Amino acid sequence: MKETTQVFLRREKGRSFAGSVYGILLLVTLVPAAAALATGAAWSPLVKVQALLISTGLAVAVYRAATAKSFSLSWSVFWLWTYLFMGLAQLYQLAFNTFPWNGQFTEDTILTAQLILILGCAVVYATAGLVTRRNQASEYSSIGREKSRGHAPARRALVIVLASYCAISATFIALMGASLFQGRSVFQQQLLANVDIPGAGTLFFVSTAGAIVVPAVGIVCRRNGVDLPTFLLVFSAVLGFIVTNPLTGSRFFAGSFMVAMLAALLVRQPILRLMPAGIGGVLITLFPSLDLLRGDGTGAARVGFVLPREALTTFDFDAFEMLLREVTVAGHIPAGLPTQVDLLVAPFARWIPVLSDLVHGNASGPVVAELTGMSYTNVSMPLWGEAHLVGGFLGVAIAFAALGVLLGTIRRPVVIPAADRASATRLMIDAPVAALLFIVLRGSLYEVLGYLLLTIALAVVVWGAGRPWSNSATPISHHANTPNHQRARTIAFYLPQFHAIPENDEWWGKGFTEWVNVGRATPQFEGHDHPRQPSELGHYDLGDGKVMHAQAELAGQFDVDAFCFYFYWFGGKRLLEKPLDAYLATGPDFPFCISWANESWTRRWDGKEDESLIAQEYSSTAAEDVFDAFLPYLNDARYLRVDGAAVILVHRADHLPDHADYADTWRRLAEEHGVGPIHLVAVETNAGISPGAVGFDALCEFPPVGSNTLSAAKLLPVRGLNSAFAGRLMSYPRLVRAFTSRRPPSFIRYRGVTPSWDNTARRREAATTYVDASPFHYHRWLTHARAYEQHVRGANGLVFVNAWNEWAEGAYLEPDETNGRGYLEATRIVQDKEILRPPKSRTGLASLPWARSLFLAAAGSLLKLGRRVRRRLDSQRSRTPSNGRAKQPS
């Protein structure tokens, strides 16, 4: 724990220092540029304001990316490069009305280019954000299901890739010989001399692209636990340096190689955050003179320092002018030049040997240069111009959406420690993509698209080699390797309504128990399992003391650690108390706790919602009175405790008047009566409840409460649906996904699981039924919940299962005639046999009841959204500090 805390503090210091560095960099570059534009050339206010807004927005994006909790080099590089090439350069070039290639442009052209910039950046931001959120949900939902086959398959794939690259690049070096070190002109002459050699072009591509991609990927994977041979990594890096060394004439390929290598070596290190800032500083001060290293006398005379205002108007920062030139010719390409289709296909087809000759020369740069009279011909436009030339504004949106997907996929989401598994897959291409973005954004997509595709292909190969391909096998539970006294505990809610009481006799008929509801349930669609039939425990009566001993034995055998009994107390009157009292007196040696079910009883089972049977009322002494009823149980040696504190659940904590007074009173009384500390847990029976707001310590999930929405709806109709059905058809697998992908809150929220949910026995045609529930899906959910609690809270973690014996709501672990002990077997931590995925239910025809079910789910979604908005508005209005005792997750 101490080591983890030190790492966290070191990372936070790194973020803070990076924030200072980027703040200074952005201020000293943006303010002078903005001042120059404000006092510079006589453009219209709209042009100037948009330029300032674009540059300021990009500066903010740079700062946010560089100081984000979860740093991504490629994400930061995208915003920094865009800020320099399209923001800062734009300000200076407009201020002096001086463009690198002496172009002259109208205000309409500039305004259009600015709109293209805004569109591209907005699409990248939105798309990457959506993908990152999806990745985050995937990270959470995969906790406890890391069914990796280990690093061995990925290692084999990488060794083959590294060895192949070394062989190919060594062959290319042998063909090029000394020309690699004799300057740009000699190097290009040798390339032309090798054109007739079969495969020479492929050798050049693989050698240069591989130099940027392969060694960097290998280094990142090694730093994340893949044991790769050191000599292969070193050899591939040396060959990559030779192939891309500056004397070959390309500062961009040489720079990309060095950026990728350095970033790979610094992966996960706080100093990596400063790398984009360092490169940016070099770009706007030294880069224009670095072509001295071409070695053939065609570059700069010497390396020298220049001011940003001078550097940003040179040809190295011509991306904005190239976009302006593209805007002037977009939609007006005459016959005889490559068409829009040609320009779209060429960047892809040129990397396919049999097609490359057919598309040779079909690049956007020469087209724009010819149509605008430009003296220097870039091979292609910056990505904004390339996309707009090919497809207009729609093309920009599509191109930057694709880029956003790539950057969002690489970008690691902000995750809790449980989900931060140092996966090499997500990080492995961050460095090479960041390196290649420089070329893509400046203006050579035609040249480097193949490099990007090679990077993605390599990541897919390594990912595919290391992932499990079986869908049917049961996930591995890391919980199994944890000693019992150190693992999170599993608590099952326990319903005591399986015995007759006078009140139920009066309200529901003589001899009523929960079994009456269960027995009269009827199927509502094909394959609907009703009435449910218990197997080995039978239709038990909790008046028989042997029953709870048998239940506890079963629960302990299958790794349920405690029961949580519903406790019914209505202003001094107890109901259904006999089983709990019998458990206290002569029950099994099995841990338990209580959950005060403080809701009024109504006739909602038969649809009479407003007819009250017994009301839950709160007198001025209710807090003391109900605690007196708790006391005998709290003092029992078997009572469940967390870190020494007795666990008390309240089903509707939000219904308690003066919530904090109840909590304070109970804590005081617990100390006075020798109970010691208590751990108050609010059951999440109402979305948005916060334990701190009611003075409690924690919250526990209570699925499926809060999920009767479109996110968990059964979207396809079931077969043979009853025409009188007026309830909800939901999807259990989608329910699992919804709960496992929840973000962790700022307070303690214990995970909850339900094996199934189907209250047909109580609600009949108005039931809510979660279709496709199975031991397989339940086991995946429970494994996730246990692993989450184990990672976050260790031995203090709790997982609540809803429920042990809620037969009338289809939520039970006890054996039945359909599944036998299937759900109990799925609860066991160490599996004796594989739990197979069940076949999907068959789809039926659309019907009015099915459409009504979807409508109810949609209404639930709108209601949930409305409540969320209202809570946020209330929170904004109040802005008062909470006096609750909610603890931070440990």
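In terms of my numbering, the sequence shown opens at residue 27 and continues consecutively. Positions of the beta carbon are idealized from the N, C-alpha and C atoms, including for glycine. It should be emphasised that the depicted structure is a prediction, and the values quoted were computed from it without experimental measurement.
Tell me the rounded alpha-carbon separation between residue i and residue j.
i, j, result
"residue 378", "residue 367", "17 Å"
"residue 664", "residue 658", "11 Å"
"residue 755", "residue 348", "56 Å"
"residue 531", "residue 820", "45 Å"
"residue 517", "residue 872", "40 Å"
"residue 863", "residue 802", "6 Å"
"residue 882", "residue 751", "13 Å"
"residue 693", "residue 251", "48 Å"
"residue 824", "residue 519", "12 Å"
"residue 300", "residue 157", "25 Å"
"residue 727", "residue 572", "31 Å"
"residue 282", "residue 247", "19 Å"
"residue 292", "residue 433", "19 Å"
"residue 546", "residue 806", "32 Å"
"residue 44", "residue 97", "11 Å"
"residue 231", "residue 195", "10 Å"
"residue 651", "residue 695", "11 Å"
"residue 477", "residue 360", "31 Å"
Over the uninterrupted alpha helix (DSSP H) stretch that includes residue i, give me the two end residues.
i, result
"residue 74", "71–92"
"residue 655", "648–660"
"residue 337", "334–337"
"residue 461", "456–468"
State the DSSP-derived secondary structure class of residue i, mapped to helix, strand or coil.
i, result
"residue 756", "strand"
"residue 775", "strand"
"residue 34", "Because the pLDDT at residue 34 is just 42, under 50, the model does not fix this residue reliably, and the value given afterwards should be weighed accordingly. The answer is helix: DSSP assigns residue 34 an H, G or I state."
"residue 722", "coil"
"residue 705", "strand"
"residue 558", "coil"
"residue 503", "Below a pLDDT of 50, predicted positions are generally treated as unreliable, and residue 503, at 48, falls in that range; the measurement from the model is reported next regardless. Note: residue 503 maps to coil in three-state DSSP."
"residue 711", "coil"
"residue 890", "helix"
"residue 527", "coil"
"residue 487", "helix"
"residue 532", "helix"
"residue 437", "coil"
"residue 665", "strand"
"residue 764", "helix"
"residue 310", "coil"
"residue 731", "coil"
"residue 783", "coil"
Compare the Cα-Cα distances from residue i to each of the options and report the closest residue.
i, options, result
"residue 655", "681, 599 and 712", "599"
"residue 562", "673, 839 and 835", "839"
"residue 869", "551, 88 and 356", "551"
"residue 297", "42, 236 and 133", "42"
"residue 895", "762, 661, 884 and 714", "714"
"residue 556", "834, 653 and 75", "834"
"residue 110", "304, 587, 540 and 280", "304"
"residue 62", "48, 50, 78 and 845", "78"
"residue 369", "393, 617, 353 and 354", "393"
"residue 712", "809, 846, 893 and 525", "893"
"residue 688", "720, 701, 668 and 98", "720"
"residue 716", "898, 865 and 136", "898"
"residue 485", "362, 310 and 240", "240"
"residue 118", "74, 353 and 427", "74"
"residue 430", "124, 836 and 151", "151"
"residue 371", "625, 684 and 415", "415"
"residue 772", "742, 735 and 818", "818"
Give the range of the beta strand (DSSP E) segment to which residue i is assigned.
i, result
"residue 548", "Neither: residue 548 is in no beta strand (DSSP E) and is coded neither H nor E."
"residue 516", "515–520"
"residue 627", "627–629"
"residue 967", "As shown, the chain starts at 27 and ends at 916. That puts residue 967 outside it, with no answer to give."
"residue 599", "599–601"
"residue 620", "618–622"
"residue 672", "671–676"
- Task: Write down every uninterrupted run of the alpha helix (DSSP H) in the segment 90–150 whose length is 4 residues or greater and which is fully enclosed by it, in chain order.
- Result: 99–108 and 115–122
- Message: Extract the residue ranges of the alpha helix (DSSP H) inside the segment 350–411, only unbroken runs of 4 or more that lie entirely within it.
- Response: Assignment of alpha helix (DSSP H) within the segment 350–411, counting only whole runs of 4 or more residues, yields 366–375, 379–382 and 390–398 in chain order.
- Let me know the beta strand (DSSP E) ranges lying completely inside the segment 786–869, each 3 residues or longer, listed in chain order. Runs of the beta strand (DSSP E) inside the segment 786–869: 794–797 and 824–827.
- Whole beta strand (DSSP E) elements within the segment 210–289, 3-residue minimum: none
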